[in-house]
Every structure is written in C-alpha cells, then in structure tokens.
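Notes for the one structure printed next.
Protein chains: 2
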Amino acid sequence: MAITLHASDADFEDRFSRFLTTKREASPDVEAAVREIITAVRERGDAALLDYTLRFDRADLTQSCLAVTRAEIEHAYVEADPTTVEALKFARDRILAHHSRQRPADDRYADPIGVELGTRWTPIESVGLYVPGGTAAYPSSVLMNAVPASVAGVPRLVMVVPPSGGTINPLVLVAADIAGVDEIYRIGGAQAVAALAYGTESIRPVAKIVGPGNAYVAAAKREVFGTVGIDMIAGPSEVLVIADAANDPDWIAADLLAQAEHDSAAQSILITDDAAFGQAVSAAVERQLAMLPRAETAAASWRDFGAIILVSSLDEAVPLANRIAAEHVELAFDGAEAFLQKLNNAGSVFLGRYTPEVIGDYVGGTNHVLPTARSARFSSGLSVLDFMKRSSILKLGPEQLRALAPAAIRLAQAEGLDAHARSVSIRLNGLPG
Amino acid sequence: MAITLHASDADFEDRFSRFLTTKREASPDVEAAVREIITAVRERGDAALLDYTLRFDRADLTQSCLAVTRAEIEHAYVEADPTTVEALKFARDRILAHHSRQRPADDRYADPIGVELGTRWTPIESVGLYVPGGTAAYPSSVLMNAVPASVAGVPRLVMVVPPSGGTINPLVLVAADIAGVDEIYRIGGAQAVAALAYGTESIRPVAKIVGPGNAYVAAAKREVFGTVGIDMIAGPSEVLVIADAANDPDWIAADLLAQAEHDSAAQSILITDDAAFGQAVSAAVERQLAMLPRAETAAASWRDFGAIILVSSLDEAVPLANRIAAEHVELAFDGAEAFLQKLNNAGSVFLGRYTPEVIGDYVGGTNHVLPTARSARFSSGLSVLDFMKRSSILKLGPEQLRALAPAAIRLAQAEGLDAHARSVSIRLNGLPG
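Quick note, the sequences are listed as chains V and S, same order. Each residue of the first sequence is one higher than the one before, counting from 7 in the working numbering. Each residue of the second sequence is one higher than the one before, counting from 7 in the working numbering.
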C-alpha cells in the first residue's frame, strides 16, 4: 500500500521532502563494459556488431542481414493485426497534426540602425532512433520519436532494434514505416549506439541519437554524447493525479495503476482534498490490482513509491505539484483551467474528468516522451525542436559597422583580447564613404 | 603555419577527414576529484565551500562573505571604467532586443473532433550562472548568459564566480547587475556547481546551471546533470571564414587571429577560391601575429589547428562547410545570401564583408554562446528557449473520449498494457449522454 501524507501534519514538510528525493532507480555501473563495446565497434565495425548480437541477443546475423529489407517490412504488414495497424495510423495522423504546429519560424529583420539579424532553423541531417527489443518494443514509442523527426524534415532517419531471439515485433516495423523511418538495422544495446555514433561498413553514422533503452543503452548514449547529440535520459514513468471527491474512485484508481504497471520503479501519486475519497481510491486500487496481468509490477510500484497526499483545499496542491514536477499531471476537478495557469512544472497536463493520461500515451496527439524524475523543472517533452537546430545571422554594412565598432572595440580591450579589437578597428580605416 | 589543403588533390578527402576528426582538447580525468568535492559540499555545505575556496582560490571567506553585497556592486560601478560600462549597457540593450524576439508563443486549439490540445511555456524557476575567474572572467559572457534568462522571465538568477586571489572583476559585477542577476556568490570550481545543484545553508539550489568553466566545472556539470539541467559543455572556439579574392587579406587575417587568440586549442579556417589570396592572408597572419600581446597563444592555435582550404569555386565550399559545422562562419563574398540557404550546420553566420565575427561576440545582439567541436550538426546556440520549458496540454470531453477510446484501447492491448486499456475502457461505461 502506498503511503498517505497529510499536508496539515507538523512533520509533513520533512516527509514530503524525503518522498521527493527518494531514488527510485539504481543505476548499475556498466560504464566499463559499455566503453569496451564502443571501442570494439569503432575498431572492428560490422564484425563486432555480429559478435555482440550473437552474444547478447542470441541472433546469428550475417553482415547482409543487418539491415531490415523492404520485403520484411511488407511481410510485417501481413503479420500484424489489421485493427492495430489502423489504430497506429490513426495515432500517427493525430501526432503528425499536433507536431506540425511546432515547426519553428525563421526570423530575419533589420533593427533601427539597419543591422540585419536573423534566425534560421534547419533539420538535423541524420537521426538514429533506438527502440528496445522484447516486451519493451512499443510501437507507440516508435511513432512518438519518428513522427516529430519527420515533421522537422530530417532527411535520414535510422532505426535500430535488437532482434530478441532473432525476431522483431511486426508492429514496430509497421510503426517505423508509417512514421517515415528510412533505414532499419536489427541491432541493439551499446553496440547499436556505437554503430550509430561512429558508423561501420554497413551503417553510416548519424548526428543525433534518440529513444529509450536499458542501462547499457543509457550509458552508451552518455558516452557518445558530444560526438553526436542525444535526447534526455529517460527514467521510470510517473503520474500525479489531482482529483476532488466528485470523481469516480475507480476511474482515478485505474489511472494510478496504468502508470504503476509500467515498471516497479514507476510512481503514482494522488493529491485530493477529501480523505474519504482518498480511501475510496486506495480501496479501488487494491480491488483492481487483483484483475491485472501485470499485478506484480503494479503492486510493487504502488507499495514502494505510490502516495496519497491529503490537502485541505486543492489550492494547496499548487506548490506541491510544482515541487513534484511530474511527467504526467491529471487535473480532474472543475477548476482545472485556473490551476493550470499556476502549474509551472509538468511534462504533460490532462485536463478535466474525461482525459485519462493513457489517451496521451497513444492517440491524443501530444508526445509521450516526457521529462521524468522531477526534470520537468528544467526540461520538456520531445518535440520537433529536438530534431532541428538554429543558426543565428548577422549582417552589417559599412554604416552599421561604424555604429557598433566603438563599443565592440572597448569591450574587447577591457577583456584583454586585442586581436578581437583589431579585427574591428582594422576595417574602420578602409570603410567606403 | 597552418596547413593548406587543395580540394582538387587526390588525397583531399583523406586529409580533410583527418583534419575534421583531430581532437583539439585533451580532457583531463578529474572525475574522481570532482565527485569528492561534490560529496563534501552535500555533506558539509558552507563549511566545505569555505575550505575549498581557501584551498583553490586562496581566498579566506567567512560564511557571511559568500554573498556579494549590494554595496559591493555599487562600488564596482565606481571602480569600473565609465566608457566600458556604457559599452556593456549598449551590448545589453542590443542582446535584449534580439532575444526578446525568441520568446515562444503558447498554443491552444481544438482539433476537428473537439479535442483541445496545447503547449504552455514557462520560465525555469531558478538558474545558476557559472562565470570563470581570473583572466577568463568575461563580462560579455555574463550578458550572453544572463540576458536570455531575464527575457525568459526566470524569477531567480544566481551567479557564482571564484574570487581569484580574493577579488572579482568589477566589470563582471556590473554586467551581472545590468543583466538582471539576483544573487551573486564568490565561489567557483566544482564546489560552486555542487552548491548550485544541491544547495547549502547559504545558497538555495537552482533547477539549471549554465555557463563556461574549466575541466573541473565541466565534469561537475556532467555529474550533477539530472538533479539539475545543464547547458552544453563548451569546447574551444572556432571560426570558418569563406572569402573570395575581393577581400582585404589583412581584414580576413585579423578575423582568423581574433579566434586564434582565445586559446591554443581554438581553430581558424579559411576557405577561398583563390590561391594567391590564400597566400596573402597567410602572410598577413604572420605579419599581424608579431603585433599581438597574445601572440604565443594565437600562433600555437594557427600552427596546430589552422587551415587554408583551396577550392575551385565557392560552391564547392558548401559541403565542406556543412561537414566542418563551425561555431562561427563568415561568408565574405557577394553570393553570401544564396550560400546561406545551403549552409545547414553553423552556430552563427556573419554575412558580407563588413560583419567581422567579433561584432557577434559583443554587440551584434545575437548570442555568443554557440555549439563548438562540430556540434552545430545537432545543437544550437544559447537562446531564450534554454531558460524555459514546455508543458503539453490535452483536454477531452465525453464525446472526444468516445472517439479516441477504441484506438487507444487497441494499442494498449497490443503492447500488453492492460491497466492502460482499463483506464480508458472503465470510463466508457460511465459516460454521460
């Protein structure tokens, strides 16, 4: 059973602080192993990929089998359940429509003295998308990573997915195909990250690597960062549900359990202003747990990291929610819109009583790759911007150079950078007019 | 003397690839030392800060002296050269005006079936700005980091700067003050990063840390990443100048040297379509070197990492420039605007013959914190967006939930996440209407 905290208790601040800083995930020390794998891939290329894939994924690939072929993708459409394929396309269309609004606009203007300034956005030239194998191979995650890259205009989108026991989930291949992935390789782990970062005989390197993975993948991404860009390092998922007594306790319990079933390190938190409602939700959680196939995982998550926090009014929840900075926040009460204006730290917000967080996991249109572990305090969910970069632009004529030169020269001299000062002053003598 | 590469030579591709992958900076292994410092600050707070400041900065602070007082800031205005203060204000106003255009717009709309979607941007609640001490304490860098944070609306902006030998450059204090910094502490190194990330008795923690620093600072930022956000890890500076023979070789040489004087690991590259012009620039570099106070640094940079690349036409420079992905790119020829449309990887671009890169270092208005070491392939210069984060918003009514539910349930089931499916299906029975 989850802990219950009363905001009015004298020791609440202590207990809440401790709750906030509880580490939910041990990070195993895999750095040395990962460095060795990366070195091997850099030195031996494809041969190292084949070795590691045999060892870790128990799949015997010849070099010619690294790439998934068009025929295999077509076959995946045949193997996949048609209703699920339709659901994936439905999700793809909704994600595409929403993310299309995120495309940033270039800017170019002249200021009052005629200096031209600007901003130019361009897609990253090539992006690698890591997709975990086995049961964690979520086709929805393929869409959430690949669609924003497509919208950004990334010309080359490469997916890697380990062939757990030799096979790849056909829905993952279908999702990749409908989302615009250009190349797919059946490799995983740190060796796949190394191949994407440094390239091999068969795989050209990319400029950025995104997507979730296990501890080895996360460590490999940290290791190659700088050589390529990486996205955030995702932690276990979390939901904060803020709900009043007018909700059906069973609906709220279902939302808490949807998060908890992800991972025993996932976290589900309810804040409510009604103790009886809190108890009703707690009871509903226990009841529903019994029906879940993933009951063991969900029960562990709820027991170890779940919480019900009682406040005297939902206004009191504002500072708590901002400190929790949850990945997902449901606001299931009538004043949700007003609350939203004060909710500054949240990856994704779900308003009202008819917006379960799960809708956002699949078909809402917003992205489900979101900041975890309180990182919504300083970072955002995946968006089109993560697949583009910005060049700033400056253009002066002789007149503008004359206007800006004195301050630039003064500051360069004050910083002891004489060559900087000279690069401006040398031009002043030669200006026309 | 820099190397010269001819694009038409048979071995050009080999030599250019090698040139691109040359490591310019050794990263000393300071991780163990940094971890020890961070642990000490977490355990002993202010006392550890005082110890390390005495040891590393040879400054004896009592706890009450950690914070720079208002009186000290007022005194800095008196100490500072008035013309330089005016130049800083001029720069601040120009940086402010340009960055104000980067403020992102919130979005909220209903799609054709009535699902409400949105994006809400909020400032990061507190940001720490690291400023190096000694000769690397550049007031211009304070402006470039603090002004975008101010524009973003960051409510609490904290600066740390080591008191090298006990004192802080008055221009750094003035720059902080005019840029809107709220708190200043005279600490530096890994201990300052730890204090910002975890807090001490005197310093409340922040949510993100930005700003350049030495190897210890960079390692400390990597180490606290996750607990707080960090900006990019900046490497040595670089400029790519693309110029035709119509330029004054002395002007171009001055620009190459402005970059080279930063650091012996800085890099200056000229691409030109005229061999005689290349030689003239090379000769001008040698001539000007003799006049520079920082000649030793600039000469080492030019000798070890400088290059002149000869192409038969400037069009040939497009793919080379995109592979170099330089922090700064000057396009000093008549077709600069057309070239810009094909230049995809560049931190900041300077157009025409009257826009020396140095203008962008100080008073152009664009930011001078830019991606180095080829990272312009996947990242951008500092902007207002680095000081904000985005929450996505989703709002369904009963009708919209009914429309989206089947696909969401289908995908959840396909992924084996039954609690996800139940969180949607449980609501369907209870929907009004």
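Glycine included, every Cβ here is placed at the ideal spot set by N, Cα and C. Because the structure is a prediction, the values reported are computed rather than measured.
Could you work out which residues of chain S lie near residue i, taking near to mean beta carbons separated by less than 9 angstroms?
i	result
Arg107/V	Asp113, Tyr115, Leu123 and Thr125
Can you tell me where the alpha helix (DSSP H) with residue i in it begins and where it stops?
i	result
Ile399/S	First-last for Ile399/S: Met394 to Lys401, but that is the beta strand (DSSP E), not the alpha helix (DSSP H).
Phe356/S	From DSSP, Phe356/S is part of no alpha helix (DSSP H) but of the beta strand (DSSP E) over Ser354 to Leu357.
Pro88/S	Pro88 to Ser106
Ala54/V	Asp52 to Asp63
Gly284/S	Ala281 to Leu295
Tyr136/S	Where Tyr136/S is concerned, there is no enclosing alpha helix (DSSP H), although the beta strand (DSSP E) it sits in stretches over Ser132 to Tyr136.
Met150/S	Pro145 to Ala158
Leu2/V	Residue 2/V is absent from the model: chain V starts at 7 and stops at 439.
Starting from residue i, trace the beta strand (DSSP E) in both directions and tell me its first and last residue.
i	result
Asp113/S	Asp113 to Ala116
His334/S	His334 to Ala338
Ala313/V	Ala313 to Leu316
His268/V	Element bounds for His268/V: n/a, residue is neither H nor E.
Val450/V	No answer is possible for residue 450/V: the residues shown for chain V start at 7 and end at 439.
Tyr83/S	Run containing Tyr83/S: none in the beta strand (DSSP E); it sits in the alpha helix (DSSP H), Arg76 to Glu85.
Gly124/V	Glu122 to Pro129
Ile365/V	Per DSSP, Ile365/V belongs to no beta strand (DSSP E); it is in the alpha helix (DSSP H), Glu363 to Tyr368.
Val216/S	Lys214 to Val216
Counting only Cβ pairs nearer than 7 angstroms, list the residues of chain S close to residue i.
i	result
Pro362/V	Ser429, Val430 and Arg433
His40/V	Checking the sequence shown, residue 40/V turns out to be Val, not His. Result: empty, since nearest Cβ-Cβ is about 15 angstroms, beyond 7 angstroms.
Would you call the CB atoms of residue i and residue j closer than 8 angstroms?
i	j	result
Glu357/V	Glu343/V	Position check: residue 357/V holds Leu in this sequence, whereas Glu was assumed. Yes.
Ala271/V	Pro242/V	yes
Ile330/V	Leu72/V	no
Ala200/V	Tyr222/V	no
Leu337/V	Leu298/V	no
Arg100/V	Gly371/V	yes
Gly139/S	Pro176/S	no
Ala260/V	Ala425/S	yes
Val234/V	Phe384/S	yes
Leu391/V	Pro110/V	yes
Val137/S	Gly217/S	yes
Ser287/S	Pro255/S	In the sequence as displayed, the identity of residue 287/S is Val instead of Ser. For Val287/S and Pro255/S, yes; Cβs fall inside 8 angstroms.
Ala181/S	Val148/S	yes
Val430/S	Ala414/V	no
Ala13/S	Leu316/S	yes
Ile130/V	Phe393/V	yes
Asp269/V	Ser307/V	yes
Could you tell me which of the options sits nearest to residue i, measuring between CA atoms?
i	options	result
Ala382/S	Ala332/S, Ile248/S and Leu337/S	Ala332/S
Arg30/V	Arg380/V, Arg98/V and Ile399/V	Arg380/V
Gly134/V	Gly219/V, Phe22/V and Glu363/V	Gly219/V
Leu410/V	Val121/V, Ala182/V, Arg21/V and Asn151/V	Val121/V
Arg21/V	Ser429/V, Asn350/V and Ala313/V	Ala313/V
Ser132/S	Leu102/V, Ser146/V, Arg210/V and Asn350/V	Asn350/V
Ala418/V	Arg300/S, Ala282/S, Leu320/S and Arg309/S	Arg300/S
Gln108/S	Arg64/S, Ser70/S and Gly159/S	Gly159/S
Thr173/S	Ala304/S, Leu400/S, Gly422/S and Thr59/S	Thr59/S
What does residue i reach in chain S if we use C-beta pairs closer than 8 angstroms?
i	result
His12/V	Going along chain S, no residue has its Cβ under 8 angstroms from His12/V, so there is no contact; the nearest lies around 26 angstroms.
Ser208/V	Ordered by position in chain S, no residue passes the 8 angstroms Cβ test against Ser208/V, which lies about 19 angstroms from the chain.
Leu263/V	Ala425, Arg428 and Ser429
Kindly examine the ligand ADP and report whether one of its heavy atoms sits closer than 7 angstroms to the Cβ of residue i.
i	result
Gly366/V	Ligands in the displayed structure: none, and consequently the ligand ADP is not present.
Output the distance between the C-alpha atoms of residue i and residue j, rounded to the nearest integer angstrom.
i	j	result
Leu388/V	His334/V	14 angstroms
Thr125/V	Gly436/S	50 angstroms
Val375/S	Asn151/S	8 angstroms
Pro154/S	Glu85/V	52 angstroms
Ala397/V	Val247/S	Here residue 397/V turns out to be Ser, not Ala, going by the sequence shown. The straight-line gap from Cα to Cα measures roughly 16 angstroms.
His105/V	Ile236/S	26 angstroms
Tyr204/V	Ile190/V	17 angstroms
Asp87/V	Asp113/V	46 angstroms
Arg41/V	Gly171/V	25 angstroms
Phe283/V	Ala82/S	59 angstroms
Pro412/S	Asn253/V	22 angstroms
Ile209/V	Thr75/V	14 angstroms
Val166/S	Leu179/S	11 angstroms
Identify the contact partners of residue i in chain V, using a Cβ-Cβ distance below 9 angstroms as the criterion.
i	result
Ala93/S	Pro412, Ala413, Ala414, Ile415, Arg416, Leu417 and Ala420
What residues from chain V crowd round residue i, counting only those whose CB sits closer than 8 angstroms?
i	result
Val355/S	Arg126, Ser397, Ser398, Ile399 and Leu400
Ile130/S	Arg383 and Phe384
Going along chain V in order, which residues have a C-beta closer than 7 angstroms to the C-beta of residue i?
i	result
Pro404/S	Tyr360
Asp254/S	Gly436
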